[in-house]
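Under the numbering used here, the very last position in the sequence shown is 266; numbers go up by exactly one each time.
C-beta atoms are modelled at their ideal positions from N, C-alpha and C, and glycine is treated no differently.
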Amino acid sequence: MPGGKGNITPKDGKQFSSEYQPKQKWTEKKALKVGHDLIKWLKAEEENIFFEEFLYIENDYYSDLIGYLGRKFTSFLELINKAKKIQELKLVKFGVFDKLNATMTKFTLINNHDWKEKTQSDLTTNGKDISIQEQVKNIVKIEFVNDKNEIE
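As structure tokens, this is what we get:
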């Protein structure tokens, strides 16, 4: 039986059409089971941090499946977001308690959980702080000066 578009004959079976579609492999019920199993796995042991391990290594799901199910079922997407939050909390907790390498934990949080390095800028001119309030006061003073350069 040759495959491919246009190479399926009626003797090979039914051709897909608008009237004949195969049954959906992934229903919302099946997707939610995967999501709940994932969260249960994350909570089961401290070492269960990276949920991709559960999905791709332990269960051999293909990499596009999670995105597909998330787009198809918002209830599944909520479970994936919950799993990401659990992962983030575990990373922070174990990083703070020095159970994980701090540098790698920071790297993972920045790259996978949108954390940012805190930076502070010191805005000064000639050693004086730049203050918007002072600039506003100066503008207000200029507007209320009379002919004799007196503030009214």
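- A direct Cα-Cα distance of roughly 9 angstroms separates I200 from F165.
- According to the DSSP assignment, L179 belongs to the alpha helix (DSSP H) that extends over 179 to 186.
- Distance from the Cα of N162 is smallest, within the candidate group I224, F211, K204, for K204.
- Of the other Cβ atoms in all chains shown, fewer than 16 fall within 10 Å of the Cβ of F221; this residue is therefore exposed.
- Under the Cβ criterion (8 angstroms, minimum of three pairs), the segment 182 to 193 counts as touching the segment 137 to 157.
- Excluding five sequence positions before and after T188, none of the CB atoms of its chain fall closer than 8 angstroms to its own CB.
- Put simply, the backbone Cα of K207 is about 17 angstroms away from that of I153.
- DSSP places K157 inside the alpha helix (DSSP H), whose first and last residues are 142 to 158.
- With 16 or more other Cβ atoms inside 10 Å of its own Cβ, F168 counts as buried.
- Nearest C-alpha to E172 among G184, G181, L156, A216: L156.
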